[in-house]
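Input: a single structure, listed below in structure tokens.
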Amino acid sequence: MLKNRRWFLLGLSSLFLGLLGLTISDPAHAATIATNDFKSVIDNEIKYIKTRLGEPKVEKAFGTLKTTAFVIAHLAQTQMDVKDSDPKQLATLRDAALKIAGALNKKDIAGATKLVSTLTADIEADASVDTKPVKLIGLHDFELHTLMSPFRSEKANGRGYEKAVRDLAKGVKTTAVADATILAYKLDAYADLTAEMAPADAGATKTKANWVKWSSERKKHAGDAVKAMKTGKGGEKAAAASFKKLDASCTSCHNVFRE
3 MLKNRRWFLL GLSSLFLGLL GLTISDPAHA ATIATNDFKS VIDNEIKYIK TRLGEPKVEK
63 AFGTLKTTAF VIAHLAQTQM DVKDSDPKQL ATLRDAALKI AGALNKKDIA GATKLVSTLT
123 ADIEADASVD TKPVKLIGLH DFELHTLMSP FRSEKANGRG YEKAVRDLAK GVKTTAVADA
183 TILAYKLDAY ADLTAEMAPA DAGATKTKAN WVKWSSERKK HAGDAVKAMK TGKGGEKAAA
243 ASFKKLDASC TSCHNVFRE
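Position in the sequence shown counted from 1, then plus 2, gives you the numbering used here.
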């Protein structure tokens, strides 16, 4: 009887973990973005790549640049679920971003610069493009240490996201709502990608279930921050509370998994 109970609980746990993973990492269940906001986020990422590629010591920022390209690819891929979207146009955008990531992975600055010079959120669709989902994790050596690069300070060749989240947790100024909204959408994407990188169980708390749970929390808090900032005047306080919860979830995860 006890043996049967153990197997039942194990099966139930596996089912729960599977459902958590599905809600986060499956492109069909990832969050989509309103068309205008989508363009703003993509334009923001493209601008960063173009600007940083033209600055000194760009080779020190390859990880951050590559992650930025993968975020564009992920957002384009998940955006295909938006009603009346153009899957071929979005797949073309995704594939263009992945070509940039590939060039950066080869440390081909000239090639990446040429590719991004013509990249726009509304890039013309390639009629022959394959719209089937592409597995991003592992492609062009895209791993966890690369994904986390933008959270480092700008002095450390990141984009200062960790500090930005903590600053927003203290309060979201009305003048900062637009930029904070763009960041929250990107943090939602980071939660998706992080969940797909869940490690194997390695102890009582270093478990895939905890990894996915904290990724799920971060996704929820990022989404809540966007919703709060979309409510108009007065939403900044609720958005700050969501950023604070998001930061707390990051800390909980780091306390267990950060080496």
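C-beta: ideal position from N, C-alpha, C; glycine also.
These numbers were taken from a predicted model, which means no experiment stands behind them.
A residue is called buried when at least 16 other Cβ atoms come within 10 angstroms of its Cβ; P201 does not meet this threshold and is exposed. When secondary structure is reduced to three states using DSSP, T122 falls in the coil class, being assigned neither helix nor strand. Taking 8 Å as the cut-off, the beta carbon of P152 is found closer than this to the beta carbon of T69. Within the stretch 142-212, the complete alpha helix (DSSP H) segments at least 4 residues long are 146-149, 163-172 and 179-197, listed from N- to C-terminus.
The C-alpha of K239 lies about 9 Å from the C-alpha of A171. Just measuring C-alpha positions, the residue of M199, T196, E164 and L195 sitting nearest A182 is E164.
Separation of D39 and K108 (C-alpha to C-alpha, rounded to the nearest whole angstrom) is 31 Å.
Here the C-alpha atom of W216 lies approximately 11 Å from the C-alpha atom of K247.
Under the three-state reduction of DSSP output, R54 falls in the helix class. If you check the CB distance, L77 and V43 come in under 8 Å.
For the options H142, T196 and I125, the alpha carbon positioned closest to that of E219 is the one of T196.
In the three-state scheme derived from DSSP, where H, G and I count as helix and E and B as strand, R260 is classed as coil. The straight-line gap separating the alpha-carbon atoms of D132 and M199 is approximately 24 Å. In the DSSP annotation of this structure, the continuous segment of the alpha helix (DSSP H) that includes P89 starts and ends at P89 to N107. Measuring C-alpha to C-alpha distances from A211 to each of V258, D226 and L121 identifies V258 as the nearest.
The beta-carbon separation of A224 and L138, rounded to 19 Å, does not stay under the 8 Å limit for a contact. According to the DSSP assignment, L77 belongs to the alpha helix (DSSP H) that extends over F64 to Q81. In this structure, the CA atom of V179 is about 19 Å from the CA atom of Y50. When the alpha-carbon of K157 is set against those of K62, G173, N46 and A93, the nearest one is in K62. By the neighbour-count criterion, in which 16 or more other beta carbons inside 10 Å mark a residue as buried, K221 falls on the buried side. Annotated three-state conformation of G140 is coil, per DSSP. In this structure, A114 sits away from A127, with a CB-CB distance that is not shorter than 8 Å. Its Cα nearest to that of K41, the residue D124 stands out among D124, D97 and H256.
Taking 8 Å as the cut-off, the beta carbon of T253 is found no closer than this to the beta carbon of R161. About 5 Å separates the Cβ atoms of A241 and A227, confirming a contact at the 8 Å cut-off. If you ignore the 5 residues before and after F245, its C-beta comes within less than 6 Å of the C-beta of V167, L170, A171 and A227, all in its own chain and listed in chain order.
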